[in-house]
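Inspection log for the structure reproduced underneath, given as structure tokens.
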Amino acid sequence: MSKKVAVVMGSDSDLETMKPCIARLQSFGIPTEVRVISAHRTPAAAERFASQAREDGFGAIIAAAGKAAHLAGVIAAYTTLPVIGVPIKTSMMGGLDSLLSMVQMPKGIPVACVAVDGADNAAILAAQMLALSDEDLSGKLSAFKAQMADEVAEKDRHISEKL
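Residue 123 in the numbering used here sits at position 123 of the sequence shown, and the numbers go up by one each step.
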């Protein structure tokens, strides 16, 4: 059985932002579990989830949160699995508050972090991590990158023809 990826959100309001992440993971055939766990309102649940994640078959955890955005760091404190943070855009600071909360982690508790609202890249990064030990997934990633290159080449051809 292949490793799963958890997509954990601090609030159900983060779901719209995280839908591209979930869809991208599914497009690679990665089993995905989506949860709402708050670092502040349900810290015991965050600890339980993260502490059991490896035994529950996860290979990586994607944690999305806005504002104080401590979810990724709290999850990372309780697991040795890679944790990828997705800072959610906020109305007050445009997501800078979320971004800084995720990237300013203390020594020993790393959190990989993508751009504000960078859900799709979080999925791709998680897939690349899992692909280190999964040749089939590695092949899917290679095909994905080749498809992106083909799309850019087609756009280049189209622009050249127009001008």
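Think of the CB as a built atom: it goes at the ideal place given N, C-alpha and C, for glycine as much as any other residue.
Is DSSP giving residue i helix, strand or coil here?
i	result
Pro20	helix
Val74	helix
Val111	coil
Ile37	coil
Whole angstroms are fine: how far does the CA of residue j sit from the CA of residue i?
i	j	result
Ala45	Phe58	16 Å
Asp97	Pro87	8 Å
Met9	Ala63	6 Å
Val83	Ser160	42 Å
Ala68	Met93	11 Å
Ile124	Ala76	19 Å
Lys140	Phe28	7 Å
Leu137	Ala153	24 Å
Ser142	Glu135	10 Å
Asp156	Met148	12 Å
Ser91	Gln52	34 Å
Looking only at its chain, what residues have a beta carbon closer than 6 Å to the beta carbon of residue i, apart from the 5 residues adjacent to it on each side?
i	result
Cys113	Gly85, Met102, Val103
Ala39	Ala46, His70, Leu71, Val74
Val36	Met9, Asp12
Asp117	Thr17, Lys89
Met129	Ala60, Pro82
Met105	Gly73, Val111
Between residue i and residue j, which are expected to be in contact by the criterion C-beta below 8 Å, what is the C-beta distance as a whole number of angstroms?
i	j	result
Leu25	Ala131	The pair is not a contact, with the Cβ atoms about 12 Å apart (cut-off 8 Å).
Ala60	Val5	5 Å
Got a sec? Which residues, its chain only, sit under 8 Å from residue i by beta carbon, not counting five neighbours each side?
i	result
Pro43	Val74
Arg54	Thr79, Thr80, Leu81
Got a sec? Which residues, its chain only, sit under 7 Å from residue i by beta carbon, not counting five neighbours each side?
i	result
Leu15	Met9
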